[in-house]
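Student:
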Amino acid sequence: MKYAMIVKEIEKRIADGYLKPGSKLPSIRALSEEFSFSKNTVIKAYQKMEKSHLIYSVPKSGFYVVEDFLFRREGSKEKITIDFLSAGPDKQAMPYLDFQHCINQAIETYKEDMFTYSELQGLYSLREQLADQLQDLQVFTVPERIAVVTGSQQALHLFVSLPFPNGKKNICVEQPTHASFIESLRLQNAVAVGIERTSSGIDLDRLEEIFKHQDIKFFYTVSRFHNPTGNSYTNTEKKRIVELARTYDVYIIEDDYMGDLDPDLKQDPMFAYDTSGRIIYTKSFSKIMLPGLRLGLTVIPETMKKDFLRAKFAADIHTPVLTQGALEIYLKNGMFAAHVKKLRNKYRKKGIILQKAYNEYLPPSATYSGSLSGFYSTIELSNNLKAYQLIDQLKQVNVLVDNAAKMYLPEFKKDNVVRLSVSQVRDEWISAGVQKIAEGIMELIKKKQIMKVF
Ligand SMILES: Cc1ncc(COP(=O)(O)O)c(C=O)c1O
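Each residue of the sequence shown is one higher than the one before, starting from 35 at the first, in the numbering used here.
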């Protein structure tokens, strides 16, 4: 068979090192000309190799050799774990060495500052760099309004108990949402009012009702690449939410933790539409740099600065100077901008592969969310299936996913949703992982049907 000849030849080229793991394969046209076979024959050969996970495709880009091709061909029995659970950034894409240089330089530059307490609001020289960098995200502000925090979670946690200028008491929160924020609400006995967020956004009439009648001091929202759904608001939705906040004197805490990864540069944060000074912006460096740095920032209205800084003082006096200094140097040297550009492309590629795999393999009874970048997405199972059953089933085939139950307020609780983070899964395993999840769901459906018969 003609297509088998192509498969054999490609395998030989990889084994000889002529085609490296991870590299792009010749285009369909190039190979069809080289072999004088039809394009259909080449497509068939590529499809066969993709089915056996020797190569993988990236829509609108082409076909690539899987990273562990040689290891598979040697017949190793070692099991691979496909980890959709870990929410840290892609380890291979992290700038350890560059950052190590920046840390060393920061020790030199800031050694005197290490012997004393530093600025409560964060190093001014870092805040100047941050104000510059924020412009790339359409956030125009001054260093005086930026506070450096020990991870953006610290700012979120502090805002929960802080008095707000509107004198109101309750907090409105999307459902589901980031689990640590749910924990912050619970630990500080905050009264939380949930509003459902799905792939089609939120019900803006319902949001208006809540703003109007429920004594809301702020609405906590993750405007892009929401955790856990991965969904983003459109600019029109963002404008409308900002308008509602102005009308009903509600503050918004806009958590733009992954804004840097947005491939669509026309998408603005809500902060860009604010005309009444009610948007508080937070940004994390955990997804784009390293979570272990514990570095984040918030842009606060002048009227709230004093209270916020009192709370920050009580929490930890200031964020460590060493990591602040290293980030400042990293930003100043232009390394951050180059790194962000690289990561944006990387996560977009992962997002495209994941969404294609969902579309191709998941049974119609399972609905999925997510966008073409960012880390997170969810799969919602039909009501009679439980997330924990799927998680247990998948563990047996070395696929890890997270239970989204902890991301809901008690009155919104769902026990049939799993969250996937694609950040630490190699491109060539994403599709195979989703296939295993689809098989796991089908297995559960079958078991349920058998139990019904008995
Ligand atoms: C939506 C969201 N906001 C904020 C954070 C906290 O980030 P940081 O590490 O900067 O505290 C996370 C962490 O995963 C998150 O998912």
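All residues carry an ideal CB built from backbone N, CA and C; glycine is no exception. Quick caveat, the model's predicted, so the values are computed rather than measured.
1) Could you give the residue range of the beta strand (DSSP E) that holds residue 317?
2) Assuming contact is defined by CB atoms lying nearer than 8 Å, are residue 301 and residue 266 in contact in what I supplied?
3) Pull up the distance between the alpha-carbon of residue 143 and that of residue 356, whole angstroms please.
4) Please state the DSSP three-state secondary structure of residue 126.
5) May I ask you to check if the CB of residue 261 is nearer than 7 Å to at least one heavy atom of ligand 1?
6) Assign residue 253 to one of three DSSP states: helix, strand, or coil.
7) By Cβ distance, which residues of its chain are closer than 6 Å to residue 316, with the 5 residues on each side in sequence left out?
8) Check this for me: beta carbons of residue 119 and residue 435, under 8 Å apart or not?
9) Please find out if some non-hydrogen atom of ligand 1 comes closer than 7 Å to the beta-carbon of residue 358.
10) Short of 6 Å in beta carbon distance, which residues of its chain neighbour residue 433, apart from the five on each side in sequence? Order them along the chain.
11) Let me check you understand the geometry: is the CB of residue 144 closer than 7 Å to at least one non-hydrogen atom of ligand 3?
12) Evaluate residue 225 with the Cβ neighbour count: other Cβ atoms within 10 Å of its Cβ, from every protein chain shown; 16 or more gives buried, anything less gives exposed.
13) Using C-beta distances below 6 Å, list every residue in its chain close to residue 485, excluding the 5 sequence neighbours before and after it, in chain order.
14) With a CB to CB cut of under 7 Å and the five nearest residues on each side skipped, what residues in its chain are close to residue 345?
15) Residue 85: buried (16+ other C-beta within 10 angstroms of its C-beta) or exposed?
16) Grouping DSSP H, G and I as helix and E and B as strand, with all else coil, what is residue 159?
17) For residue 438 versus residue 453, is the C-beta distance shorter than 8 Å?
18) Consult DSSP for residue 190 and reduce its assignment to one of helix, strand or coil.
19) Can you give the Cα-Cα distance for residue 353 and residue 410, rounded to whole angstroms?
20) Taking only heavy atoms of ligand 1 into account, decide whether any of them is closer than 7 Å to the Cβ of residue 330.
21) Going by alpha carbons, who is nearest to residue 295 out of 334, 176, 405 and 206?
22) If you measure from the CB of residue 492, is any heavy atom of ligand 1 nearer than 7 Å?
23) I'd like to confirm the pairing. Which residues does DSSP put opposite residue 226 in its beta bridges?
24) May I ask whether a heavy atom of ligand 1 can be found less than 7 Å away from the beta carbon of residue 398?
25) Is it true that the region 271-281 meets the region 306-320, where meeting means three or more beta-carbon pairs spaced less than 8 Å apart?
26) Hey, is residue 291 close to ligand 1, as in C-beta under 7 Å from one of its heavy atoms?
27) Tell me which same chain residues have a C-beta within less than 7 Å of the C-beta of residue 390, skipping the five on either side of it?
28) For residue 160 and residue 183, which I take to be in contact (beta-carbon distance under 8 Å), what is that distance rounded to the nearest angstrom?
29) What's the C-alpha gap between residue 396 and residue 303?
30) Examine the Cβ distances between the region 129-146 and the region 357-366 and report whether three or more of them are shorter than 8 Å.
31) So which of 65, 40, 237 and 219 has the shortest CA-CA distance to residue 440?
32) Could you check the C-alpha separation between residue 232 and residue 414 for me, to the nearest Å?
33) At a threshold of 7 Å, does residue 405 count as lining ligand 1 (C-beta to nearest heavy atom)?
34) Per DSSP, which residues does residue 97 bridge with? Please list them.
35) Between residue 235 and the rest of its own chain, which residues show a CB-CB distance below 8 Å, the 5 nearest in sequence each way excluded?
Tutor: Walking through what the data contain:
1) Looking at the DSSP string, the run of the beta strand (DSSP E) that includes residue 317 is 313-318.
2) Taking 8 Å as the cut-off, the Cβ atoms of residue 301 and residue 266 count as close.
3) 9 Å
4) helix
5) Taking 7 Å as the cut-off, the C-beta of residue 261 counts as close to a heavy atom of ligand 1.
6) In this structure, residue 253 counts as strand in the three-state DSSP scheme.
7) 186, 189, 289 and 332
8) yes
9) No, ligand 1 has no heavy atom inside 7 Å of this Cβ.
10) If we look at residue 433 and ignore the five residues flanking it on each side, its Cβ neighbours are 116, 467 and 470.
11) The model depicted lacks ligand 3 and carries ligand 1 instead.
12) exposed
13) none
14) 192 and 196
15) Exposed, by the Cβ-count rule.
16) helix
17) Cβ distance < 8 Å, so residue 438 and residue 453 count as in contact.
18) Residue 190 sits in a helix when the DSSP states are folded into three classes.
19) 28 Å
20) yes
21) The option with the nearest alpha carbon to residue 295 is 405.
22) There is simply no residue 492 to check, as the chain begins at 35 and stops at 488 in what is shown.
23) BP columns for residue 226 point to 205.
24) no
25) The region 271-281 makes contact with the region 306-320; the number of CB pairs closer than 8 Å reaches 3 or more.
26) yes
27) 93
28) That pair is no contact at about 12 Å.
29) 32 Å
30) yes
31) 219
32) 11 Å
33) False, no ligand heavy atom lies under 7 Å from that Cβ.
34) 91
35) These residues qualify, in order along the chain: 265, 267, 268 and 271.
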